[in-house]
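Numbering (the working numbering), first residue to last: -8 to 741. Have a look at the structure below, then the notes.
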Amino acid sequence: MKIRVKPTRLFVNYLISYVGILFIPLIIIGAMVYSNFVNILTEEIITNTLNNLSKVQYVIDGNLTQIEKISNQINLVPKLKSYEMHYHWIKADTIRNTLCHYVTTNKDIDNIFIYYHGDEYLFSSTSSYTFPMFKAIYNYTDWSMEDMYEDIVELKQTQLRPSENVIYNKDHLKKYITLLYPLNKNTSIEGTIIFMIPEESFQSVLKDTINTYRGNSFILDGNNNIVTCLKDNPYLRSNDFTSYLKGITANHYTETVTLDNEKYFLTYVKSPQTDFKYVSMVPIDKVMGKVKHTKYRIFYSLIIILAVGIIVIYYTMHINYTPIKQLKNYAVNLIKPEKQGMNAIEILRSTMDTLTSENNQLSSTIKDNTSAAKDYLLFCLFKGQIDSNEDFNKKGKRINLSLTKSCYRAILFKLNGLNTKEKKIYIIEQLHILSNNPFEAFGRELIDENNVIFLLASDDSDIEILQRKLLSIQDFFKEHDLIITIGVGNSYTELNQMPNSYLEACTAIDYRFVKGNDQIIYYNEIVIDSSKFVKPPNDLNKLSVAIKQGNTEQVDQILVNILSYIKDNNPPLFIVKRLCYELINSVTKTMNDINKEYAVPFKRLPHVFSLSEFETVDHLTKIIKRVCINVCSYINDNQEMFTSELANQVVNYVKENYSSCDFSVKSIAQKFNMSVPYLSQFFKNHTNLTIQDCTTSLKIDKAKELLISTKMTINQIAEEVGYYNVTSFIRRFKQLIGTTPGRYRKDYRN
């Protein structure tokens, strides 16, 4: 049934608020995007132009410096002095040969002329001219004959003529920049050196500054006269522009200016060497054209997004009414509100208040049970059901129980005189307080009401700090007229060894029969020669393999051997308990491995706390034997599945280790606790290959891959795949593939 929602005032208000929530961020984001785009573009233009102008300055300053060096060199050449020239034809030939060298070695110089005072000729790299001849060949349109003669003859210091039109040989129009240098004789001036530089050599450098933005670039001399420009814009001759340039004193300058009602990005670089000013003018409207298109795109995109958003919001509000109504009905059925006429929001608020109240009550109940949860976690730890520090911290996270230190030991406190429950709780709290700093201590009461077991964690196993701490605890209880005996187990770095440490602490407590009560007894101080009572080697590992193979006869024989060993050697009680715990632990781990792989439900085994419940070792062994035989029966009923899994494990082990120097059939047999003949037959039955054939195939396949995909040498590849004799590798490769490794690589690449 389709639900139609009448647009009520509340609905409209929510719709407007949602649209506002959508609209405001869109406007802000759009404005920020546009503003950032404009700023980035502007900075990019200014930075690029400034960098380009700096490059132009560097290049042109270098060219002018080179020309100045040529002028200085001409001044230093003795044979170019006027007093050395006795005949005109000798003078012309000598000057032409010398200047020709400078012109041909500098591509920016079109020609060089020398004039000597009192002479009627101008000498160049190509010929010699009288002033009328020079004017006729190089007709400067803005440099009259009279001015030219006066400027050349009376030159006292370096002079630059900006770019101007020159008609060459009456029919070729070209623009030149002319540089005039005085020709010195000791301290006097004996003539003038004239350099003619084509304007295009300057402009070719300037073009790179504005090739993207269609603006104008030009060079000014120290008097703000235009040396050359790319475009002869009208504003270059305006008084406003000239006045503006005179006001700039910085070596680098960037500004937005308005000339002839048009805005420009002006970028200015001044050369400290030549006093030239390199200026770029980029019209803002040309640059910002793409910005306008972007602005319109952003604007239209925002409108489309807003329109789509309004439509989606409107229909979403209609659709969302259905779950709200369902939630309202669910809440009514859940709490059955007494008031009638409540709207959906009021009903939901009432429901949340009720659930919050119930949740607070539940949290209070859980908090009251935190102590029990901590006791249970410690109980699991000492039973050997926690394998690592990470496992303990993960399980203790919710009850604020965690370990950060790396050494762990069990400490058993035996207290006398605890006649009330309140006193017992107080004593355990005091033990927690006294045991902490610098240790981490967590304890719980054992079934024996006078015993409290503690887990003590520290950064190291320093016994002196522990002794001082335990002595202070003992002194505290003496002040309260309580007798306390403390048994201390050994320190371990793995949490899964805590059951052993617990057994050691229990043994130390039992030793109070010798040392007396009110003592601190360390297990490692008890003289027990355990070297005579080492458990039979590999029996527990063999038991694990026998269980996984479902071999009930071997399981029975191993348990009989262990029981006989205990009875025949008469080891101390602690050694027997420890051996029993390791037996339980080995069977438990084996059952856990099977359960992880096949999800098989097995009955729980006895644990370290229950060892004292058994009257004899025979009783414990019978229970373990019964559980093991049940597991073996299950495995035998599902023999195909277990055998297949074992075969997969063996094959995977071969694939992962075949290239190791320690790899052998014997090492595989030891890994899986099989005899070599049985392993060989087992492997062949399930893979139709011998182990040697399988490993050889793996090695050759890996060698082929390395030959194709790497540049390793044949020796390196042989060693990589497990052959330590390259000759054997090559012979085996050729036997199986039909060619040598080197030929195989060459054929593949060809």
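Just so you know, even glycine gets a beta-carbon here, dropped at the ideal spot from N, CA and C.
How far does the alpha helix (DSSP H) with residue i in it extend, from its first residue to its last?
i, result
"I733", "Note that residue 733 is Gly in the sequence shown, not Ile. Taken as a continuous stretch (DSSP letters only), the alpha helix (DSSP H) holding G733 covers P732 to R740."
"L236", "N230 to K237"
"N491", "M489 to D501"
"G387", "N380 to G387"
"N407", "From DSSP, N407 is part of no alpha helix (DSSP H) but of the beta strand (DSSP E) over C398 to N407."
"T687", "I682 to S700"
"L368", "T361 to K374"
"E145", "It is not in any alpha helix (DSSP H) - E145 carries neither H nor E in the DSSP assignment."
Within 10 angstroms of its Cβ, does residue i collect 16 or more other Cβ (buried), or is it exposed?
i, result
"Q683", "exposed"
"C619", "buried"
"M124", "exposed"
"K268", "buried"
"A660", "buried"
"E75", "Per-residue confidence for E75 stands at a pLDDT of 48, beneath the threshold of 50, marking its modelled position as unreliable; the derived number appears in the next sentence. With fewer than 16 Cβ atoms within 10 Å of its Cβ, E75 is classed as exposed."
"L325", "exposed"
"V(-4)", "Note that V(-4) has pLDDT 44, beneath the 50 cutoff, so the model's placement of it is unreliable and no number is given."
"G733", "exposed"
"K147", "exposed"
"M665", "buried"
"L67", "exposed"
"L372", "buried"
"Y589", "Bear in mind that the predicted position of Y589 carries a pLDDT of just 47, short of 50, making it too unreliable to give a figure here."
"Y291", "exposed"
Under DSSP, the beta strand (DSSP E) around residue i begins and ends at which residues?
i, result
"V248", "H243 to L250"
"C220", "I217 to C220"
"N130", "Y129 to Y131"
"S119", "S119 to T121"
"Y649", "Where Y649 is concerned, there is no enclosing beta strand (DSSP E), given that its DSSP letter is neither H nor E."
Cα separation between residue i and residue j?
i, j, result
"K283", "L346", "58 Å"
"Q545", "N676", "23 Å"
"K695", "V645", "19 Å"
"K662", "G541", "18 Å"
"V667", "I615", "29 Å"
"N391", "A364", "10 Å"
"K254", "I301", "41 Å"
"L339", "A432", "46 Å"
"K60", "N54", "10 Å"
"F445", "Y625", "39 Å"
"V29", "S700", "51 Å"
"Y49", "L197", "12 Å"
"L670", "V443", "50 Å"
"K526", "V567", "Note on K526: pLDDT 48, under 50, position unreliable in the model; the coordinate value appears next. The straight-line gap from Cα to Cα measures roughly 9 Å."
"H471", "Q465", "10 Å"
"Y9", "E337", "22 Å"
"I419", "G375", "23 Å"
"N43", "S26", "26 Å"
"Q726", "L637", "32 Å"
"D738", "V47", "57 Å"
"S651", "K657", "13 Å"
"S688", "N643", "14 Å"
"R176", "T245", "A small fix is needed here, since residue 176 is Lys in this sequence, not Arg. Cα to Cα, K176 sits roughly 45 Å from T245."
What does DSSP give as the partner residues of residue i in its beta bridges?
i, result
"R152", "T169"
"K286", "K286 is not bridged to any residue."
"F209", "C220 and V270"
"F256", "T247 and V273"
"V47", "DSSP, once it has assigned bridges, lists no residue as partnering V47."
"I185", "F104 and L171"
"L447", "R400 and A432"
"G478", "L403 and I512"
"S179", "K176"
"V157", "Y131 and K165"
"F114", "I105 and S119"
"N442", "K405"
"Y483", "Y399"
"K261", "K268"
Roughly how far, in whole angstroms, is the beta-carbon of residue i from the beta-carbon of residue j, given that I think they are within contact range, below 8 Å?
i, j, result
"L368", "K386", "6 Å"
"R87", "S45", "Not quite, the Cβ-Cβ distance comes to about 39 Å (not below 8 Å), so this is no contact."
"N207", "N224", "6 Å"
"Y514", "A496", "7 Å"
"I705", "V622", "So it is not a contact: roughly 51 Å between Cβ atoms."
"T132", "E155", "7 Å"
"K690", "Y714", "7 Å"
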